Structure formats: C-alpha cells, structure tokens
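Quick note on numbering: the sequence shown equals residues 435 to 493 in this note's numbering.
Every residue gets a Cβ at the ideal spot worked out from N, C-alpha and C, and that includes glycine.
These numbers come from a predicted model, not from an experiment.
Data first, discussion second: the structure below is written as structure tokens.
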Amino acid sequence: MANKTIKTHTIGAAGQRITIAVTALIVGAFFIFGAGLANSAVLHDTAHDARHAYGFPCH
435 MANKTIKTHT IGAAGQRITI AVTALIVGAF FIFGAGLANS AVLHDTAHDA RHAYGFPCH
C-alpha cells in the first residue's frame, strides 16, 4: 500500500493575527468615535431602549 501526501496552502497564524488585529482596530475605532462624539442623551436613550428590548427593567 502506498502513502500519499497532500499539501494544502492555508493562511498561517500570522495572517490570522493580522486579520484579527485589523478587525479589532476597526471595531475599536467605531466605538471610540461613535461613543466619543455622540451626544450623551443619544447614548442614554440607546442604552435605555436596549435594556427594554432585552426585557430588563431599568426604572
């Protein structure tokens, strides 16, 4: 019986790390600029509506 070796090419660990880092950078920038530049009343109302959407009492 003969053994066959199959080689596959995949994105290595370095490629995965770069993808994760870029994704984290984009999400982090969204949170910093989205929350940092938003009006505080808008953030409060959004959090308030989210609590009600999950059925969590807040008042």
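- Task: Provide the residue span of the alpha helix (DSSP H) that contains L459, from first to last.
- Result: That run of the alpha helix (DSSP H) goes A447 to G470.
- Rounded to whole angstroms, what's the CA-CA distance from V456 to A484? Just pull it up for me. Each residue's CA atom was taken as its position, placing V456 and A484 some 28 Å apart.
- Task: Report the rounded CA-to-CA distance for I452 versus G446, giving the unit in angstroms.
- Result: Whole-angstrom Cα-Cα distance: 10 Å.
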